[in-house]
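Protein chains in written order, with UniProt numbering: chain A, 1 to 686; chain B, 1 to 686. C-beta: ideal position from N, C-alpha, C; glycine also. Keep in mind it's a predicted model, so treat the numbers as computed, not measured. Following: one structure in C-alpha cells, then a few remarks.
There are 2 protein chains.
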Amino acid sequence: MEELVGLREGSSGSPVSLRELWGPCPRVRRAIRGGLEWLKQKVFRVGEDWYFLMTLGVLMALISYTMNFAIGRVVRAHKWLYREIGDSHLLRYLSWTVYPVALVSFSSGFSQSITPFSGGSGIPELKTMLTGVVLEDYLDIKNFGAKVAGLTCTLAAGSTIFLGKVGPFVHLSVMIAAYLGRVHTKAIGESENKSKQNEMLVVAAAVGVATVFAAPFSGILFSIEVMSSHFSVWDYWRGFFAATCGAFMFRLLSVFNSEQETITSLYKTNFRVDVPFDLPEIFFFVALGAICGIVSCAYLFCQRTFLGFVKTNQLISKLLATSKPLYAALAALILASITYPPGVGRFLASRLSMKQHLDSLFDNHSWALMTRNSSPPWPKELDPQNLWFEWYHPRFTIFGTLAFFLVMKFWMLILATTIPIPAGYFMPIFIFGAGIGRLIGEALALAFPEGIVAGGVTNPIMPGGYALAGAAAFSGAVTHTISTALLAFELTGQIVHALPVLMAVLAANAIAQSCQPSFYDGTIIVKKLPYLPWIRGRKISSHRVIVEHFMNCAITTLAKDAPLEEVARVVTSTDLAKYFLVESTESQILVGTVGREELVQALRAEPSSWTPGHPCLRDLLAGGCPIEPVTLQLSPETSLHQAHNLFELLKLQSLPVTSLGRAVGSVSWVELKKAISSLTNPPAPK
Amino acid sequence: MEELVGLREGSSGSPVSLRELWGPCPRVRRAIRGGLEWLKQKVFRVGEDWYFLMTLGVLMALISYTMNFAIGRVVRAHKWLYREIGDSHLLRYLSWTVYPVALVSFSSGFSQSITPFSGGSGIPELKTMLTGVVLEDYLDIKNFGAKVAGLTCTLAAGSTIFLGKVGPFVHLSVMIAAYLGRVHTKAIGESENKSKQNEMLVVAAAVGVATVFAAPFSGILFSIEVMSSHFSVWDYWRGFFAATCGAFMFRLLSVFNSEQETITSLYKTNFRVDVPFDLPEIFFFVALGAICGIVSCAYLFCQRTFLGFVKTNQLISKLLATSKPLYAALAALILASITYPPGVGRFLASRLSMKQHLDSLFDNHSWALMTRNSSPPWPKELDPQNLWFEWYHPRFTIFGTLAFFLVMKFWMLILATTIPIPAGYFMPIFIFGAGIGRLIGEALALAFPEGIVAGGVTNPIMPGGYALAGAAAFSGAVTHTISTALLAFELTGQIVHALPVLMAVLAANAIAQSCQPSFYDGTIIVKKLPYLPWIRGRKISSHRVIVEHFMNCAITTLAKDAPLEEVARVVTSTDLAKYFLVESTESQILVGTVGREELVQALRAEPSSWTPGHPCLRDLLAGGCPIEPVTLQLSPETSLHQAHNLFELLKLQSLPVTSLGRAVGSVSWVELKKAISSLTNPPAPK
C-alpha cells in the first residue's frame, strides 16, 4: 500500500499518465488519501495493545462456544442412550454411571499425563503469580491442550459430577494471553517486560470469566476481587474492553447458531417488575445472606479439612500418587451411583443439567403454593416446559427434596473438589446457594401466601428472588467477593432485586470473611503456595509498627574488598539466590546485588587468581560478574503499611533496608507475614 | 453494662441473693450471658469502622432525601405561581424568570460569602486531594452549610438552570466523613492518620454518588474511576457497604413517605424484554457511541475554552471578582428567558423537570411512529401521563425539537457551568446524551418502521434504548468513565441492553480519551490545581526511562558539619519547605530531612551560638531541632514506571534519590510530569 502510494505520487511528477488524467479532482483525491493515511496511523497508534486484547477476547469466546457445543452433543448422546436402553435397571444403571466414570477418569489420566498443573481451577495459582511469585511452566502453552481436553470431559459428565467451568477458563485465558504476549514481543523484537505481563494477567482473567458467563461487568470485577488486592483503573478499562469483546462474540455465536433470536442473558428470568418484593422482605433477604454466610463457613471449613485429610491419609495419598485415574473413577462412581435417577437421584433432581438446575431454581412461581392443593406425578421423562416437576416428590414435597439436595450436595461437592481433574468450583457453589435461597423462599411463600403487606393488590412472595439472592450470597461468601451480586443480575438479565441481593451478599461476606479464608485462599494454604496476608482490621496501632521492628537483621553481605577465599566460603556456606554487595567491609554501604550463580561462574572461571596476592571481590566484578542495581530500598523507619503496600503494588519478593546508606537488614514476605500475624495475635507484652 | 455484669458475678460469690435463687438454671443463664458478651465483643471488634461507614451512609441519605423533599416543595410553588398568575405575558414571563434568577443569585451570594470553596462540583479538588495534595480548609465542616443551602437553591431553580447534584454531594459526603473521622479520633484519643483519611475519602465519594442515584454499584465504581488511578479491594468493599446503607436508606425514606410501594429504581423503564433489540442494531449502538464521543470532544473543548475565556476576559473576570451574584443573576436571566415556555422554551421541552426529561426520553414508544399519521396538539398544561407531548411540535416534528434542544443546551450548559454556585454537572450531561440517543433512535425507528430483521414477529426499534445508550455513552465520554453504563442500568432497573450500551460507552470513551482530557481533568487544568499525569499508551520504550534521566540534580543539602552561617545563608537564600540533611559535606550521606520552619526557629532561639568558635548544624540539631527520617528513597536506576506507581499509590509529593547512600537528587511531581510529557512528545534526538 505504502509502495503503491509512493508510485502514484512519483508519477505525478513525471509526465501526466493516463490514469492521472482520467480521475477527476486529483487534489481532492490526494486530500482524501492523506486523510485515510492519517486515520490509519491514528488507529494503529491507539491500536496495537487493543488489537491484542480484542484477539484474546474473540479467541476465548470461540473456545468457550466450541466447548459448549461439543459438550452439548456428548450430553445429548448420553441422554439418548439412557432413554433408549430399555427398562432393565442394571442396563440403565450402567448406562448412567459408566459414562461419567469413563469421562472423568479419562480427563484425569489425560490431563495429568501431560502436565500436573492442569488439575483444579487454577485460580489459586494465578493469584499467587499475580503477587509476583514465578511458577515455572504454569502458563506454558502445552498445558493448554491438557486443560481443554480435560475440562471438556469433566463438563461432559454433566450434573452427575456437578463441576463448573470458570476457574479453568481463567487459566486458559491467561495461558493464551501469555502465549500471545510472547509472540507479540518476539514479533516486534523487544525484550519481555514483567510489569506488562502482570497487566495482561488481570485482563486475561477478566476475559476468562466474561466468556463463560457472557457478563463483562461482573467478569472484570470478580477477577479483580479474587485475584488482587490493589488494581489500577488502567487495567480495569483494558479488562472491560477485552471482556466486552469476548462476551459479545460468545453471545453472537449462539445467535448465529440460531439458538437465540438476539443477544440476551444466559439464564433469563421473568420476575414481576412492578413490585418485585414487599419492603419487609428486605429483612428476610438479609437473614438469608446471614444463613448463606454461616453455611459457607461450614463448607469452607469442611472442604479445607477434607483436602488436608486427602493429602495426609496414607491410603488415599498413595492412591493419588500412583493412580490418579483410579481415584477419579472411584469418586465418579460414588457420585454417579447416588445421582442415579430411579434411585436416590430422584430426590436430587439429578436428571436436570446444571443450566436447568439454575433455570428451574430461578423460576418465578412458587412451587409450594402450586403443589399445596394438587400434586403432579413424578414424570417418567424430563419435561422441558416444567423443569420444576423434578424438584417435587409427592411424599417428601419440594421442601424435602430441596433439603435433601442441599445436604447431599454439600459433601458430594467436597468430594468432587478432590478429584484431580481440570474443573471449576464456582458454578456448583452458585447453584448450591440458589438451592438454599429457594428453600427459604418457598418456606416464606407458604408462610405468607398472600404476600407480606396485605392490601388491595397482594404481591405474593417470589421464591425465585430468594434463589437469586442465595446464589449470589453463597458464592460471594465462599469466594469472598461482592461482585457475585452483579453477576446474578447480568446472568438473569433483570436487576429488580438490586438492593436486597446486595444486602444479602454483604451480610454473607461479613460472616464468611471474619471466620474463614476464602475458597481460593484456603486452597493456597492447603497447597502451601506462597502468599502475602492482608493487614486486617486496619487498627490504628498497626500504623505504628515500623520496619525496624520486624526486619531480618541477619543478612549476608559481600564487601567489595573481601578476599576471594571469603567470597567462596560465603557462597558455599549459604544458599541465597542473591547477595547484597557493599562497598567495603568497614563502611557496609549498599552498592547492589550479585546473583549467586554469576558469582559461582566467575569464581570458577578465574582459578588463576586464587594464587596469593590477595585478589578481592572487586577484581572478580571487574572481570565481568554483573552487579544488579538496587532500585528501591526501605529505611528502618518505614511503616509496616507502607512496606506492605510496596510489596503488593510492585509485586516484590524482598527489599533491602538501609540506614545512612549502610545495609542493615532485609524485608521479605517471611518477615512481613510474621509482622502481620503478630498484629492480630500480639505477642506477650515485653 | 460491664459494671452490671461485674456486680452480678460478684454477687454469686457472696451469700446467695434472693434474685439468684429465684431465677431457674443459673448455669444456663450464665452461659447465655457469656455468649451474648462474646457476640457483643465480636460485633464491636468487627464494628467500629463499620458503624462509622453506616452512619455516613445513613446521614447522607437523610440529607439527600430532605433536600429532594425541600426542592420538590419549592418547585411545586413555582409551578403553581406560574399557572395561577393569569394570561398576561409579562406577568408570566416575570414569574418564570424572577424565581430562578433570585434563587441562583442567592445561592451564589450566600455560598460565596461563607467560603469561596463552595462553588462548582468539588470533584476536581477532591481528585487533587486524593493524590496527596493538602488543600487547607477544603473539607472544613463550615463549608457544609454553604454548600447545602447553595445547592438546594441551585436545584430548586429546576430545569431552567439545568444543573445537577452529584458533584456537590460527593463533596458534602467527604466533608461529613472528615468531620466524623475527626470526632472519632478525638473520642478514642488517637493521633490523626493520613492513610486512614485517604481510605475514607474514596469511600465517602462513593456514598455521595450512591445516595444521589440510589445506585451502590455504579456509585462505587464511578467514584473510583473519577477519583483515583489505583485502588485497593479493601476500600472497594468498605465503599460497597457504605454505599448500600446510603442507597437503601434513601429509597426507604421514599417508601415511608408513600411515594412508592416498594424499593425500586429511580427512573424505571418498561423496555420490551424478550427481544429488546435486533442483532444488527448493535452496529447502530456502536455508531451512536462514536457520535457521542465526537460530540463530547467538542463539548469538552468548548467548555474548557469558555472557562478560560471567562477567566481571562477583563470585563467578566472583573464582574466575577467584585460581584459574583450579579454575574450569576445575569446568566440565570439569559437561561430563564430562553426557556420561557411560550417563547423558545416551547421547542426545548422546558416545562419538564430534569427527572421528567429523563423519564420521557427513556419512553419505550417511538414518538416518530406515533406522530407519523396523527399530530397531537401542543398541550396548554403539562400532561403527566404523556410527558412526551412536550417534545412534539406540529411544524418542527420531534426531530426539530430534539435537534434544537441539543444545539441550545450545548452552549447553555457551558454557560451554566461558569456560574459560581454549588452545582453538579453530571446529570445535565446525562440528559444531553439521552437526547442525542433519542434523536438517533427516532430516526432509526422512522427508517425501519418494521424493525430491522423482518420475519414472522417484527420487533420495532425502541428509541428509548438508544436514549439509554446515548446517556451512558455521552456522560461516560465526558467524565472518562465506563461505569456510567452500569449506572444507566441501575437507574432504570433494566439490564436488557447490557452489551449494546457497554459497547457504545467503550466506543465513546475510545474517542474522548484519545482526544480530550476529562471534564474533571479539564477543570483541574483550568483551575491550575496540581496533578500527576498518567503514563499513557504504556509503550515499551517508556519502561527504559530511569530516575537518573529526569531527577532534579540541583538539590540543596545541609551537612551536619556545616557552620551555622552557612545554614543561615542557605535558609535565607532558598524557600524550600524541607532540606535534605547529610552526614557531612564530604560524604553527602543522607540522614533525613529538616523542616525549614524548625530550622529558622532553632536559629533564632540560639543567637548566643553565633559567637566565634564555629558552632555547626550538629549543635543546632542536638539542641532540639527535629530530624524527620526518610522512610523511602529512590535509586538512580529506579524506572519511571516504578517511581510513578510509588507516587500514586503512596500519595507522595517528593522523594530523595540516593546512590550509595549519598543524596544525589530528588524527584517530585514536577520532574515526573516533565518525564511523562517528554515520553509522549519526545525531545529532538541528541
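What in chain A is Cβ-close to arginine 438 of chain B, meaning under 8 Å?
Correct list: empty, because the minimum Cβ distance to chain A is about 21 Å.
Residues of chain B with CB closer than 7 Å to the CB of methionine 200 of chain A, please, in chain order.
Residues of chain B passing the Cβ test: none, with the nearest at roughly 11 Å.
Range of the contiguous alpha helix (DSSP H) that encloses lysine 578 of chain B:
Premise fails: lysine 578 of chain B lies in the beta strand (DSSP E), 578–582, not in any alpha helix (DSSP H).
Cross-chain neighbours of histidine 230 of chain B in chain A, by beta carbon under 8 Å
From the beta-carbon of histidine 230 of chain B, the residues of chain A found nearer than 8 Å are His230, Phe231, Ser232, Val233, Leu649.
Anything in the segment 620–632 of chain A with a Cβ closer than 7 Å to a Cβ of chain B? List those residues in chain order, please.
Cβ contacts with chain B: Pro629, Val630, Thr631, Leu632.
If you draw a straight line from the C-alpha of glutamine 516 of chain A to the C-alpha of leucine 649 of chain A, how long is it?
Rounded to whole angstroms, glutamine 516 of chain A to leucine 649 of chain A spans 25 Å at the Cα level.
What does methionine 408 of chain A reach in chain B if we use C-beta pairs closer than 8 Å?
The contact set of methionine 408 of chain A on chain B, defined by CB atoms closer than 8 Å, is empty, because the minimum CB distance reaches about 32 Å.
Work out the CA separation of threonine 523 of chain B and leucine 672 of chain B for me, nearest whole Å.
Approximately 21 Å between the Cα atoms of the pair.
Look at valine 101 of chain B and leucine 333 of chain B and say whether their C-beta atoms are less than 8 Å apart.
A contact, by the Cβ cut-off of 8 Å.
Can you name the residues of chain B whose CB is closer than 7 Å to the CB of phenylalanine 519 of chain A?
By Cβ distance, chain B contributes nothing, its closest Cβ being about 16 Å from phenylalanine 519 of chain A, past 7 Å.
Against chain B, does aspartate 278 of chain A count as a neighbour if the rule is that its beta carbon must be under 8 Å from one of theirs?
Yes, aspartate 278 of chain A counts as interfacial toward chain B.
Just list the alpha helix (DSSP H) runs in the segment 335–406 of chain A, keeping only unbroken ones of 4 residues or longer that don't cross its boundaries, in chain order.
For the segment 335–406 of chain A, whole alpha helix (DSSP H) runs of length 4 or above, ordered along the chain, are 354–361, 367–373.
Which residue marks the beginning of the alpha helix (DSSP H) containing glutamine 314 of chain A, and which one marks its end?
For glutamine 314 of chain A, the uninterrupted alpha helix (DSSP H) segment begins and ends at 314–322.
Just to make sure I have the definition right: I need the residues of chain A whose C-beta is within less than 7 Å of the C-beta of phenylalanine 241 of chain B. Which are they?
Under the 7 Å cutoff, chain A gives Leu506.
Do glycine 493 of chain B and residue 700 of chain B have their beta-carbon atoms positioned less than 8 Å apart in this structure?
The structure shown does not extend to residue 700 of chain B, since chain B is modelled only from 1 through 686, so no value can be given for it.
Along chain B, in chain order, which residues have C-beta atoms closer than 8 Å to that of tryptophan 503 of chain A?
As written in the sequence, residue 503 of chain A is methionine, which differs from the tryptophan given in the question. When 8 Å is used as the limit between beta carbons, methionine 503 of chain A is near these residues of chain B: Thr244, Phe248, in chain order.
Using a beta-carbon distance cut-off of less than 8 Å, what residues from the segment 641–667 of chain A approach chain B?
Within the segment 641–667 of chain A, the residues whose Cβ lies closer than 8 Å to some Cβ of chain B are His641, Gln642, Asn645, Leu646, Leu649, Leu650, Thr658, Leu660, Gly661, Arg662, listed in chain order.
Could you check if alanine 298 of chain A is buried or exposed, using at least 16 other CB atoms within 10 Å of its CB as the buried criterion?
So alanine 298 of chain A counts as exposed.
Applying the criterion that 16 or more other CB atoms from any shown protein chain within 10 Å of the CB defines a buried residue, is histidine 78 of chain B buried or exposed?
So histidine 78 of chain B counts as buried.
Flag glutamate 225 of chain A as yes if its beta-carbon sits less than 8 Å from any beta-carbon of chain B, otherwise no.
With 8 Å as the cut-off, glutamate 225 of chain A counts as an interface residue toward chain B.
Decide yes or no for the touch test of the segment 631–647 of chain B against the segment 544–555 of chain B: beta carbon pairs closer than 8 Å, at least 3 of them.
With the cut-off at 8 Å, the segment 631–647 of chain B and the segment 544–555 of chain B touch.
What residues from the segment 484–498 of chain A come within 9 Å of chain B, judged by C-beta to C-beta, listed N to C?
Taking 9 Å as the cut-off between beta carbons, the residues of the segment 484–498 of chain A near chain B are Ala485, Leu486, Phe489, Glu490, Thr492, Gly493, Gln494, Ile495, Val496, Ala498, in sequence order.
Name the chain A residues whose beta carbon is nearer than 8 Å to that of glutamate 583 of chain B?
Chain order gives the chain A residues near glutamate 583 of chain B as Leu660, where near means a beta carbon separation below 8 Å.
Below 9 Å on C-beta distance, what does leucine 411 of chain A contact in chain B?
Checking the sequence, you will find tryptophan at residue 411 of chain A rather than leucine. Against tryptophan 411 of chain A, chain B offers no close residue; the least beta-carbon distance is about 29 Å (beta-carbon pairs closer than 9 Å).
Throw me the rounded Cβ distance for the phenylalanine 240 of chain B and leucine 506 of chain A pair, which I believe falls under 8 Å.
By a beta-carbon distance limit of 8 Å, phenylalanine 240 of chain B contacts leucine 506 of chain A. Their separation comes to about 7 Å.
What is the rounded straight-line gap between the Cα of valine 594 of chain A and the Cα of serine 584 of chain A?
Each residue's Cα considered, the two are about 15 Å apart.
Mind checking who glutamate 261 of chain B pairs with in its DSSP beta bridge?
Paired residues: none, contrary to the question.
Can you look up glycine 122 of chain B in the DSSP assignment and give me helix, strand or coil?
Three-state DSSP puts glycine 122 of chain B in coil, outside helix and strand.
Contacting residues, own chain, Cβ-Cβ under 6 Å from valine 46 of chain B (five flanking each side not counted):
With a pLDDT of 47 at valine 46 of chain B, under the threshold of 50, the predicted position of this residue should be treated as unreliable, though the coordinate-derived value follows. Excluding positions up to five away in sequence, the list is empty.
Tell me serine 659 of chain A's beta-bridge partners as DSSP assigns them.
Partner(s): A:Arg662.
Tell me, please, whether the CB atom of tryptophan 38 of chain B is closer than 8 Å to any CB atom in chain A?
No, tryptophan 38 of chain B lies away from the interface with chain A (no Cβ there is under 8 Å from its Cβ).
Any C-beta of chain B sitting closer than 8 Å to the C-beta of residue 721 of chain A?
Outside the shown range of chain A (1 to 686) lies residue 721 of chain A, about which nothing can therefore be said.
Roughly how many angstroms separate the alpha carbons of glutamate 259 of chain A and asparagine 364 of chain B, rounded to a whole number?
Separation of glutamate 259 of chain A and asparagine 364 of chain B (C-alpha to C-alpha, rounded to the nearest whole angstrom) is 26 Å.
Chain B partners of isoleucine 482 of chain A, CB-CB under 7 Å?
For isoleucine 482 of chain A, the C-beta contacts it makes with chain B under 7 Å involve Trp237, Phe240, in order along the chain.
Using 8 Å for Cβ pairs, my map puts isoleucine 161 of chain B next to valine 226 of chain B. What's the rounded Cβ distance?
About 23 Å separates the beta carbon of isoleucine 161 of chain B from that of valine 226 of chain B, a gap too long to meet the 8 Å contact definition.
Taking C-beta pairs closer than 7 Å, name the residues in chain B that residue 709 of chain A reaches, listed in chain order.
Any property of residue 709 of chain A remains undetermined from this structure, which presents chain A solely from 1 to 686.
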